[in-house]
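Take a look at the structure set out below.
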Amino acid sequence: MRMTPPPLLVKAILAAPVLFGTAACAFPQPYEADPTSVYGWQRRQDEIQRREDERTRLCAIMNKDSARYRRDCTRPGDPN
């Protein structure tokens with residue numbers, strides 16, 4: 267007589283690789299790796315500057331009394 271494993275055990279064994287394989291995708295990386303070339307550093311700095319310019323542009327046209335303005339446009343140390 268041949269023994270068959272319980273169905274729950276079979277399902278757990280089949281699901282384990284899928285669950286553990288996709289778990290790494292669910293958590294963000296702790297930090298972005300630093301660029302290793304001068305070109306990479308320049309691209310990084312250009313991206314930071316582009317984001318800051320876009321934030322400044324949006325803040326200039328936003329209602330100054332809104333909660334979104336207080337959240338997105340004020341920085342620690344800014345005068346009220």
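The numbering of the sequence shown is my numbering, which starts it at 267 and goes up by one. Where a beta carbon is used, it is the ideal one built from N, C-alpha and C, also for glycine.
C-beta atoms of residue i and residue j nearer than 9 Å
i       : j       : result
Cys-325 : Asp-338 : yes
Pro-296 : Arg-309 : no
C-alpha gap between residue i and residue j, whole angstroms
i       : j       : result
Trp-307 : Thr-322 : 23 Å
Pro-345 : Ile-327 : 19 Å
Arg-334 : Ala-281 : 43 Å
Thr-340 : Gln-315 : 17 Å
Ala-299 : Arg-317 : 19 Å
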